[in-house]
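Numbering (my numbering), first residue to last: 1 to 375. We put the beta carbon where it would ideally sit given N, CA and C, even for glycine.
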Amino acid sequence: MTTIYIGVMTGTSMDGVDFVAASFDPLHIHATLTLPFDPDLRDELMALTLPDDNEIDRMGKADVTLAQMIGHGINQLIAENNLDKSHIRAIGSHGQTIRHRPEHGFTLQIGDPNIITEITQIPVISDFRRRDMAAGGQGAPLVPAFHRALFQHESIHRVILNLGGIANVSMLPAGKPEGVYGFDTGPANILMDAWCERYTGQPYDENGNWAAYGTPIRPLLDRLQEHEFFSKEPPKSTGREDFNLDWLDEQIADWRNDLQYDELEDTPENVQATLLKLTTRAIKKAIYRSDMDTGEVYVCGGGAFNSHLLEQLRWRLRKHNWSVQTTSALGLAPTWVEATAFAWLAMRFINQLSGNLPEVTGASGDRILGTITAV
1 MTTIYIGVMT
11 GTSMDGVDFV
21 AASFDPLHIH
31 ATLTLPFDPD
41 LRDELMALTL
51 PDDNEIDRMG
61 KADVTLAQMI
71 GHGINQLIAE
81 NNLDKSHIRA
91 IGSHGQTIRH
101 RPEHGFTLQI
111 GDPNIITEIT
121 QIPVISDFRR
131 RDMAAGGQGA
141 PLVPAFHRAL
151 FQHESIHRVI
161 LNLGGIANVS
171 MLPAGKPEGV
181 YGFDTGPANI
191 LMDAWCERYT
201 GQPYDENGNW
211 AAYGTPIRPL
221 LDRLQEHEFF
231 SKEPPKSTGR
241 EDFNLDWLDE
251 QIADWRNDLQ
261 YDELEDTPEN
271 VQATLLKLTT
281 RAIKKAIYRS
291 DMDTGEVYVC
301 GGGAFNSHLL
311 EQLRWRLRKH
321 NWSVQTTSAL
331 GLAPTWVEAT
341 AFAWLAMRFI
351 NQLSGNLPEV
361 TGASGDRILG
371 TITAV
């Protein structure tokens, strides 16, 4: 009998929930589904990432609403694809991160697993990050362990680049499973999407066309790169707490007060181009600072569909002949990589196998990640 695990992922971009039904050894994707957030729920989840009034009551309501959405989404995935429920061993639900403070050993993902289990009548593995943090780790990123299992090559250096709200890299040196490491490089879609929605009314910059129309503003770019996160050494992770529209507005205001301010540069599309360059520059720095001289970059996440961003990455990485393509070339569409990773982490928990990479997160050792909510 094929054992199936369902992975559920909601990312920093907060554009919806991805569901994947997968089996492993070898990997097989049985079904997929994406459900967009109700606008009110999305607005509340985004608001909860920053301190505000009445947080606990508002968080509790969002916790229940999101869990109900996930539970009914899983039932929809099963029904629409005629999956045999008796083959589904567990659900790996990451939940929505609303606060991530590794410097305090604290992270919080909501989407109550008790409700998900009650709706689906399937065990749920959740709360993947806190065991790693209890062992001194960042609790993120967690997907490099999955990337190593699925994508590492014996003779070719590879980098798996996830372009979600935050960009993170998994460095997979050829033939060295013990040499794998990874970290967040900084913002990807989180700032570009918010800026695009403010000025165009569109939730994201399709194909990066708007950014391509603009010209990066060098003094603003230099100011944005002064954020302390960029100077930190790995292991490191970040999120909406560090990079958000309020922070961006503050940086732009400071730039406008600067003696180098040029009014002609001050256009929304130029800011968008600057944000894209902020992303690609941090990624380039991460790859060129590695011990890998050349190889292959495979992109996943929503940013994999930003063709201008990928063109800029190819141009920036041309010096050492790094190729750039999406994970579709490796047999897994970029949309489904992260949700599949949490199906894999659920499988690891069920089999009592470690799910973290200490060299990635900084934890003191291998740990079994997650807790189970039984039927």
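- Look at residue 163 here: in three-state DSSP terms it is strand.
- Spatial neighbours of residue 37 in its own chain (CB-CB distance under 6 Å, excluding positions within 5 residues in sequence) are listed in chain order as 16.
- Short of 8 Å from the beta carbon of residue 375, and not among the five residues preceding or following it, lie these beta carbons of its own chain, in chain order: 117, 121, 122, 123.
- Residue burial is scored here from C-beta neighbours: residue 103 has fewer than 16 other C-beta atoms within 10 angstroms and is therefore classed as exposed.
- Annotation: residue 171 to residue 288 spans about 11 Å, alpha carbon to alpha carbon.
- Per DSSP, residue 72 lies in no beta strand (DSSP E); the unbroken alpha helix (DSSP H) holding it starts and ends at 55-80.
- Around the Cβ of residue 92, a 10 Å sphere holds 16 or more other Cβ atoms; the residue is buried.
- Between the alpha carbons of residue 97 and residue 197 lies a gap of roughly 21 Å.
- Closest in alpha carbon position to residue 309, among 127, 274, 23, 370, is 274.
- For the pair of segments examined, the stretch 160-180 was found to touch the stretch 128-144: the number of CB pairs separated by less than 8 Å reaches three.
- Ranked by Cα distance from residue 106, the options 129, 304, 90 are led by 129.
- Judged by DSSP secondary structure, residue 338 falls within the alpha helix (DSSP H) whose first and last residues are 337-350.
- Under the 8 Å Cβ criterion, the stretch 325-341 counts as touching the stretch 292-312, having at least three qualifying pairs.
- Looking only at 306, 263, 48, 283, the smallest Cα-Cα distance to residue 160 is reached by 283.
- Taking a contact as a CB-CB distance under 8 Å, the pair residue 137 and residue 361 counts as one, their CB atoms being some 3 Å apart.
- Taking a cut-off of 8 Å for Cβ pairs, the stretch 342-352 and the stretch 309-321 do not touch, as fewer than three such pairs fall below it.
- Within a 10 Å sphere around the beta-carbon of residue 86 sit fewer than 16 other beta-carbons, which makes this residue exposed.
- If you look at residue 312, you'll find it in the alpha helix (DSSP H) that goes 307-316.
- A residue is called buried when at least 16 other Cβ atoms come within 10 angstroms of its Cβ; residue 109 meets this threshold and is buried.
- Take residue 245, set aside five residues on each side of it, and the residues of its chain with a beta-carbon closer than 8 Å to its own are 191, 194, 195, 198, in chain order.
- At the C-beta level, residue 365 and residue 134 stay beyond 8 Å of one another.
- In the displayed model, residue 231 falls within a helix according to three-state DSSP.
- The C-alpha of residue 336 lies about 19 Å from the C-alpha of residue 3.
- Distance check between residue 358 and each of 351, 286, 367 places 367 closest, using alpha-carbon atoms only.
- Beta-bridge analysis with DSSP links residue 5 to 22, 90.
- Only exposed fits residue 249, as fewer than 16 other CB atoms lie within 10 angstroms of its CB.
- As summarised for the stretch 242-267, the continuous alpha helix (DSSP H) elements at least 4 residues long and confined to that stretch are 245-256, given in chain order.
- For the pair residue 146 and residue 77, the CB atoms are not nearer than the 8 Å cut-off.
- Between residue 220 and the set 259, 201, 242, the nearest pair of CA atoms involves 259.
- If the five residues before and after residue 224 are omitted, its C-beta is found closer than 6 Å to the C-beta atoms of 251, 278, all from its own chain and listed in chain order.
- Put simply, of 74, 370, 90, 330 the residue whose alpha carbon is nearest the alpha carbon of residue 158 is 330.
- Taking residue 156 as reference, the option from 71, 311, 291, 207 with the minimal CA-CA separation is 291.
- For the set 80, 61, 332, the Cα lying nearest the Cα of residue 42 is the one of 61.
- Look at residue 174 here: in three-state DSSP terms it is coil, with no helix or strand label.
- The Cβ atoms of residue 11 and residue 35 do not sit closer than 8 Å to each other.
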